[in-house]
Structure formats: structure tokens, C-alpha cells
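Q:
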Amino acid sequence: MSPLRKRGIYRNVGLLIIRIGLGIMFILHGYPKMFGGPDTWVEVGSAMQFLGINFAPMFFGFMAGVTEFFGGIFLLFGLFFTPSVIFLFIVMLVATIQHIGAGDGFVNYSHSIEIAIVFAGLLFIGPGKYSLDRKLQQRNRRRY
10 MSPLRKRGIY
20 RNVGLLIIRI
30 GLGIMFILHG
40 YPKMFGGPDT
50 WVEVGSAMQF
60 LGINFAPMFF
70 GFMAGVTEFF
80 GGIFLLFGLF
90 FTPSVIFLFI
100 VMLVATIQHI
110 GAGDGFVNYS
120 HSIEIAIVFA
130 GLLFIGPGKY
140 SLDRKLQQRN
150 RRRY
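Here the sequence shown stands for residues 10 to 153, where the numbers follow our numbering.
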């Protein structure tokens, strides 16, 4: 039997690979933003000006770092999956808008669009069988 015919049985392994890969990458992207200090937070948070939000850039920059770092951890383990993916999706939309507003070329913002599309798809698919969310759901079902 062709391996392609058996793709359905590997769906959860594929989701695990996607979650691990994206999770590690977002941890690596979020770490310098989260621990970069006030100057970094203001620089990152200034992206909100392209949405007409000109106050508290330090707060928004810090929150972007927190979202990427902890969102990456949660994505990696499949914990708090839906809220994590929603927040990461929003961060990618803001990154896209920031690049477009700054006049950057398509090459500079295509990556954030691509990742936003992946997160949109993951919202519909879910974290898969190999996730802490799934394990917690199974444990709660046994309790009641």
C-alpha cells in the first residue's frame, strides 16, 4: 500500500511536527523581544501606530514579546492552543500591517502573511491528538 494512502493515520504526527517547529521558532523570535528591555519594547510596540494606536508602545511591544515567547511554548506543548493561536495570528497581522505601512516590499512582509495563514488553518484543525489540551480534556471527561 502506498504511503500516501495512509496519510490520514499520520495527521496527528504532522500536526505535532508543525506545532513543535513553529513553537520553537516563536520562542526564539519572542525571547529577545520579551527580555530586550524598554528600548526594544518601544521599538516593537511602535508598530501599533499603523493601526492608529499611538499610546503605550512599550506595553504593546512587551505584549508582542510575551505573546511570541509564551505563545511559542504553548504551541509547542499544545496547551491553551486556541487562545495562543488567536494571539499569534493577531501578532502576525500587526507585523504585516507594520511592514506595509512602512513601505516595505512584499518580500519583507510575505512571511508574516504566510504564518498568519497557517495559524488561521490551525484554528480549524486544532492541536491534534498529541497535545496537553487533549490530555487535559480526557482527564476531565474521566472525572465526570
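Positions of the beta carbon are idealized from the N, C-alpha and C atoms, including for glycine.
Using only the alpha-carbon positions, how far apart do D113 and S121 sit?
A: Answer to the nearest angstrom: the Cα atoms are 13 Å apart.
Q: I want to know whether the segment 49-64 touches the segment 76-83 - three or more CB-CB distances under 8 Å.
A: no
Q: For I99, which option in F86, F69, P136 has the closest C-alpha, if you only look at C-alpha atoms?
A: F69
Q: If we count the other Cβ atoms within 10 Å of its Cβ and call it buried at 16 or more, is V116 buried or exposed?
A: exposed
Q: Take N21 and list the residues in its own chain whose beta-carbon comes closer than 8 Å to its own, dropping the five residues that flank it on each side.
A: G137, K138, Y139
Q: Tell me whether the segment 31-43 and the segment 84-96 touch, counting them as touching only if at least three CB pairs, one residue from each stretch, are closer than 8 Å.
A: yes
Q: Within the same chain, show all residues whose beta-carbon is closer than 8 Å to that of V127, passing over the 5 residues directly before and after it, in chain order.
A: For V127, where only same-chain residues beyond five positions count, the Cβ hits under 8 Å are I27, L31.
Q: For L141, tell me which candidate among F90, F96, V94, L131 has the shortest Cα-Cα distance.
A: F90
Q: Could you work out which residue in G74, L25, N149 is closest to P47 when comparing CA atoms only?
A: G74
Q: According to the Cβ coordinates, are G130 and F59 closer than 8 Å?
A: no
Q: Could you check what DSSP says for N63 in three-state terms: helix, strand or coil?
A: coil
Q: In the structure shown, what three-state DSSP assignment does R20 receive?
A: R20: helix per DSSP, three-state reduction.
Q: Pick out whichever of F78, Y19, V51 has its Cα sitting closest to the Cα of G39.
A: F78
Q: Three-state secondary structure (DSSP) at A73?
A: helix
Q: For S55, which option in Q107, Q146, R151 has the closest C-alpha, if you only look at C-alpha atoms?
A: Of Q107, Q146, R151, the residue nearest in Cα terms is Q107.
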